[in-house]
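Reading through the structure tokens given below for one structure.
Residue numbers (mature numbering (1 follows the signal peptide of the UniProt record, and there is no 0)): -19 to -1, 1 to 527.
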């Protein structure tokens, strides 16, 4: 009993001790992070993290550089062992196959009405390319790879076939579904598992390169839903239907849901490139500016309200997001600094009931999670993998009373008790010392101040008990920390450092283990300037996580 009393007294006095130790230090800020574990504020899919495979080939160039190489779904080296291992590390990674050229892609199956040739540069073609062709032999290879890696697949279909260009980027006319019907029928006959079929790419609103009216789009979705229901009639599970895979336009999205009607569209997907052009010299400044990052809040909030009002039966995905458009930022999107944007996006979108977030891209462009030739992971790959392994489905409210440079997110920990905090420090000079509180403690403190003369000791005891739950006070209590920094302090390093150790492919060619630092709960929780930290608190009392 005497030991327990000593421990409690130490924990109660710890904030005062820390204030003495750090109060005179420069660039140190003590902050309080309050987590509400009583109820979740949102819920994400168990496979929230997703990555895309695009159709761009080595002729796709932006700003004088051609960063795609052989990363297209048509020629990606599926036999490279590191590619498979990188996907298998997720133990089921969602993969979306789609992109700008998908609405010019034909499927070489059935009674195809058009010649089927590879994509080639074409001056007057949409996005500067001709129509392309997916042979069924390549589709077989892709599905064998997906089966081997246990990937969860979304395939985005050509939604322009049969329409004609009216002018000004506007396409009109009904969708010709015949090629899609034959392709889906082939897929069903081969028993390939497709989790969802998506319809079109960036045709919403004013579109990118091409657009289709929301009314016509909605009617075509009804047609596609009938095809899926018919062809999967004898299947145990039917793939979901997702649309429109474009940039959010409130009136267009609302009209789409109204026309297609209840139960037609299962998933509403939007694309986000909120950092602007990849060539922007201010790209890094944008990433490290909390007020710029906050602008994305409206995209998630407004789409959530639009779906709730016009299509509450549908869930919400980010179907594609690479931060900076036109293949991403060279020597930015594939470096450590991009993880500040990426993880902040994952946290922010999750709080607004975004069920899945698909990163552009798995491979290819400047924003690939993997190097396009060696398949060695870039820093954002490890950010994605840690999120996937640590952040569970229940999203919790987490707020801090410090600088805007400190971003805080919390989820129930994936697959085990407690919660996981994500701390993102955008400041280049401030070391934050965080005091994490359970909202139950905050409520107890307010109650004590207002209606009782409860002693400081008693409040400290309640605070301690709320942390450890049923665990005995005299047992060792540890948290897990995953502290992410760039190699040599270089924000544009392509090597991420975890708890002081560079993350590199092992000698036998495997993805490295991501081991945490186990830290005594009595030790101060700090987050260094320009760094990121996942913190697992296994004994945090969160009813939402039970």
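Just so you know, even glycine gets a beta-carbon here, dropped at the ideal spot from N, CA and C.
According to DSSP, simplified to helix, strand and coil, what is residue 524? helix
Three-state class that DSSP yields for residue 510 in the structure shown: coil
Using three-state DSSP, classify residue 341 as helix, strand or coil. coil
Count the other CB atoms within 10 Å of the CB of residue 333; is the residue buried (16 or more) or exposed (fewer)? buried
Can you look up residue 70 in the DSSP assignment and give me helix, strand or coil? coil
Just mark residue 358 as buried or exposed, buried being the case when its beta carbon has 16 or more other beta carbons within 10 Å. buried
When DSSP builds the beta bridges, which residues end up paired with residue 499? 461
Between the C-alpha atoms of residue 205 and residue 329, what's the straight-line distance to the nearest angstrom? 32 Å
Tell me which same chain residues have a C-beta within less than 7 Å of the C-beta of residue 325, skipping the five on either side of it? 274, 388 and 405
Looking only at C-alpha atoms, which of 393, 462 and 335 sits nearest to residue 286? 335
State yes or no: is the C-beta of residue 538 within less than 8 Å of the C-beta of residue 307? Outside the shown range of the chain, which is -19 to 527, sits residue 538, and nothing can be said about it.
By a C-beta neighbour count over all protein chains shown, 10 Å radius and 16 as the cutoff for buried, is residue 445 buried or exposed? Model confidence at residue 445 stands at a pLDDT of 38, short of 50, so the residue's coordinates are unreliable and nothing is read from them.
Given that a residue counts as buried once 16 or more other Cβ atoms are within 10 Å of its Cβ, and exposed if not, what is residue 41? buried
Buried or exposed: where does residue 72 fall if 16 or more other Cβ atoms within 10 Å of its Cβ makes it buried? exposed
Where does residue 295 fall in DSSP's three states? coil
Three-state secondary structure assigned by DSSP to residue 333: coil
Quick check on the DSSP output: the beta strand (DSSP E) that includes residue 11 runs from which residue to which? 9 to 17
Which residues bound the alpha helix (DSSP H) around residue 239? 231 to 241
Could you pull the DSSP bridge partners for residue 549 from this structure? Residue 549 falls outside the range modelled here, since the chain spans only -19 to 527, and no answer is possible.
Taking one C-beta from the stretch 97 to 111 and one from the stretch 150 to 159 each time, how about it: are there three or more such pairs within less than 8 Å? no
For residue 114, count neighbouring C-beta atoms within 10 Å of its own C-beta (all shown protein chains included) and say buried if the count is 16 or more, exposed if not. buried
State the DSSP-derived secondary structure class of residue 48, mapped to helix, strand or coil. coil
Close Cβ partners of residue 154 (< 7 Å) along its chain, the five nearest in sequence each way excluded: 143, 144 and 145
Helix, strand or coil: how does DSSP classify residue 128 here? helix
Could you give the first and the last residue of the continuous beta strand (DSSP E) run that contains residue 207? No beta strand (DSSP E) holds residue 207; the alpha helix (DSSP H) holding it covers 195 to 212.
Inspect the beta-carbon positions of residue 391 and residue 371 and report whether they are closer than 8 Å. no
8 Å is my cut-off, CB to CB: does residue 25 come that close to chain C? Among the protein chains of the structure shown there is no chain C, as only one such chain exists.
So, for residue 165: in the same chain, excluding its five sequence neighbours on each side, which residues have a beta-carbon less than 6 Å away from its beta-carbon? 212
Apart from the five residues just before and just after residue 418, which ones in its own chain have a Cβ nearer than 8 Å to its Cβ? 13, 14, 15, 16 and 444
Looking at C-alpha atoms only, which residue of 25, 243, 316 and 318 is the closest neighbour of residue 291? 243
For residue 161, report the span of its beta strand (DSSP E) as first-last. Note, residue 161: premise wrong, no beta strand (DSSP E); alpha helix (DSSP H) at 159 to 170.
Report the rounded CA-to-CA distance for residue 480 versus residue 474, giving the unit in angstroms. 16 Å
CB-CB length for residue 513 against residue 465, believed under 8 Å: 4 Å
Residue 130, buried or exposed, once every other Cβ within 10 Å from all chains shown has been counted against 16: buried
Closest to residue 75 by CA distance: which of 338, 271, 186 and 93 is it? 338
Throw me the rounded Cβ distance for the residue 150 and residue 181 pair, which I believe falls under 8 Å. Between residue 181 and residue 150 the Cβ distance is about 14 Å, and since that is not below 8 Å, they are no contact.
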